[in-house]
Structure formats: structure tokens, C-alpha cells
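The sequence shown begins at 253 in our numbering and counts up one residue at a time.
Think of the CB as a built atom: it goes at the ideal place given N, C-alpha and C, for glycine as much as any other residue.
Notes to accompany the following structure.
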Amino acid sequence: MELLSLQQSLSTQLIKKSNSSILKTDTWCVPVHSVNITYKPVSRTKMDILMKMILQSVANNAFENAEQLSDILLVEQLFIQDLLSKMEKTGLINKVDSHYQQTEKGQKQLQSGVFEEEQDMKTIELLYSPSHQLFLNGDIEEVLEFEDFPEQLYRYHKQEEKISIQDEQVLEEIRAYEQPESDEGEKEKHLSVIPSIDSIEDIQINDIPCIEFIIYDQQLDHFSVRVWNTLIDNWDEKLEHEIFQKEQSTWRENYLQKNN
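The structure is reproduced here in C-alpha cells:
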């Protein structure tokens, strides 16, 4: 894939708009970090009736085994045993003096009606741009297919030896992956909660090619800038806004008056 071909295609699209002309075209790269995020999600589901019955039973009476609970609750002993094991593992009940007891955690979850269970540790790779101060969504492998990478870096890129990302920003991004859009009924049945981040590892820095156009509309006498970001495969409004704010006051002198 050639960046020049993409540049020519985008130029054609922009020029199709009447009264507009491209005053400047440039290519450069914006650094984007690949980061590994390690975290442990917590699954939250509506507590089923049998679990509630067991928690209530062990809170009010002394039961030593699944057989005794099975006789009282009139439920197959195997189901009771499986659930007791799960509840012990998750800390909802424990055994004291050979009797099951409800823990403080079990009491709280019984009151809320929501069962919480820690899942296995997970690792996810995300792409973070210090220049945007945002995570970006895109396929880095497709970007690497470009043959003509610009050597020049984005002139306002944030140079950071160690990236600094707020935990809440990371959590929001992970939650979007953990809880994809689904109907409200499914969300009520199951929700994955990310209470905290275990670690953030900066793996590598990727140079993402971008194509910049300075555009002038003769009829409106108006300047604008468009920046195509090859990672997001779209126009990058964040970088466009930054360039416009920093440079638009100089464009008339640099691109119109000098040519007259």
C-alpha cells in the first residue's frame, strides 16, 4: 500500500467540493504506544433463588453438610454441594466449628441480590496516543503495510519517556471491551466489573502516518485543515483542531499574500 496513492485519492475527494483549493499537503507520523493492560474482572450476576435460600438457611441454622441442607430445602444434594463449594470459594460462606456460616460478604451480596465472582487475570493490548491523550481504535497491522513511511514526526507530538495515563481512563476503555453493546435484558443478567488495574506495560511506539491538507474556500474566504489518520482510517478531528488553533492566524500571509 502506498501513502502517495492514498494522498492523491483524498486530494481528489477534497477538490470535488466547489470553490475549494488545497494550499498545502504534508505527510508525517504521530507516535502511538502499544500498551499491555493487566486486570482482574469481576462478574456480577443476579443471585439465583437457591443461593439466596442457602445463605438465609446457614444464617439462621447450624448445618454441617450438603445432605442436611438438601433435606430442608428439598433440592438435589448434588446441586447443593456444587453451590456450597462455589460459595465457599468466593467467600460468601465459611465453616466454623464444622458448621457453615454466612460471611459479611455473603450478607452484603444477599441484601443486594447480586452475586459477584472474581474472574481469571486478563491482559489486553491497547493503543494510546499522548498527542491525543486518548486511546485509539485501529488495526496496527494494516498501518504497517504502508511502504512509504514519512520520516517527519507530528510537529506538536507529546514527547514522553514514560507515558502517563489516568487509571479511570484505562478502566473506561477496558469496560468498553468487556461490556460490548447488547440489549438491556442481557446487561441486567450479566455485568463485568473492573475494580482496578493490576499493571500497565508500555511495549513499543508505533509511528502512524498522517496526511495533512490546508484548504481554502474562495467563496467563503475561509481556511480549514483536514488530517487523515491511517490508524483510525478517518479524518482526525483532534489533530485538526490543534493545528487550526495554533496556525490558522498565519495561513493568509503564508499561502495567499505571498502568492500575490
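Give every residue of the same chain whose Cβ lies closer than 8 Å to the Cβ of residue i, excluding the five residues on either side of it in the sequence, and list them in chain order.
| i | result |
| --- | --- |
| asparagine 486 | Trp480 |
| glutamine 470 | Asn271, Ser272 and Ser273 |
| aspartate 419 | Ser448 and Ile449 |
| glutamate 412 | Pro382 |
Can you tell me whether DSSP reads residue i as helix, strand or coil?
| i | result |
| --- | --- |
| histidine 285 | strand |
| aspartate 454 | strand |
| isoleucine 484 | coil |
| leucine 326 | coil |
| tyrosine 380 | strand |
| phenylalanine 331 | helix |
| histidine 474 | strand |
| tyrosine 291 | strand |
| lysine 374 | strand |
| leucine 336 | helix |
| phenylalanine 387 | strand |
| isoleucine 449 | strand |
| isoleucine 415 | coil |
| glutamate 316 | coil |
| lysine 410 | coil |
| glutamate 399 | coil |
| aspartate 435 | In this prediction, aspartate 435 scores a pLDDT of 49, lower than 50, which makes its location untrustworthy; the coordinate-derived value is nonetheless stated afterwards. Reduced to three states, the DSSP call for aspartate 435 is coil. |
Only counting the same chain, and skipping five residues up and downstream in sequence, which positions put a Cβ closer than 6 Å to that of residue i?
| i | result |
| --- | --- |
| leucine 307 | Gln354, Gly358 and Leu362 |
| phenylalanine 496 | Val477 |
| leucine 491 | Val479 |
| aspartate 435 | Unreliable positioning characterises aspartate 435 in this predicted model, as indicated by a pLDDT of 49, which lies under 50. A coordinate reading is not provided. |
| glutamine 404 | Trp280 |
| aspartate 488 | Val479 and Asn481 |
| lysine 338 | none |
Residue i and residue j: beta carbons closer than 8 Å?
| i | j | result |
| --- | --- | --- |
| histidine 351 | phenylalanine 315 | yes |
| isoleucine 449 | leucine 423 | yes |
| serine 261 | glutamine 371 | no |
| cysteine 281 | proline 447 | no |
| histidine 285 | tyrosine 380 | yes |
| isoleucine 392 | leucine 258 | no |
| lysine 276 | tyrosine 408 | no |
| glutamate 394 | glutamate 254 | no |
| valine 366 | lysine 298 | yes |
| isoleucine 415 | aspartate 473 | no |
| lysine 410 | serine 383 | yes |
| valine 287 | isoleucine 452 | yes |
| tyrosine 429 | isoleucine 376 | yes |
| alanine 318 | leucine 336 | yes |
| glutamine 456 | phenylalanine 475 | no |
Could you name the residues that DSSP lists as bridge partners for residue i?
| i | result |
| --- | --- |
| arginine 296 | Glu368 and Leu443 |
| asparagine 346 | Gln353 |
| proline 461 | Cys281 |
| serine 273 | Tyr468 |
| isoleucine 267 | According to DSSP, isoleucine 267 bridges with nothing at all. |
| valine 479 | Glu464 |
| leucine 258 | According to DSSP, which records beta bridges pairwise, leucine 258 is partnered with nothing at all. |
| leucine 405 | Cys281 |
Closer than 7 Å by C-beta to residue i: which residues in its own chain qualify, once you throw out the five before and the five after it? Chain order, please.
| i | result |
| --- | --- |
| leucine 266 | Ser272, Ile274, Phe465, Ile467 and Arg478 |
| glutamate 425 | Leu378 and Phe387 |
| leucine 321 | Ile306, Ser309, Phe315 and Ile332 |
| aspartate 459 | Cys281, Pro283 and Phe401 |
| aspartate 417 | Contrary to the premise, residue 417 reads as isoleucine rather than aspartate in this sequence. Once the five neighbours on either side are set aside, the close Cβ partners of isoleucine 417 are Tyr380 and Ile452. |
Should the stretch 320-332 be called in touch with the stretch 279-299, which here means at least 3 C-beta pairs below 8 Å?
-> In the pairwise beta carbon analysis, the stretch 320-332 is classified as not touching the stretch 279-299: fewer than three pairs are separated by under 8 Å.
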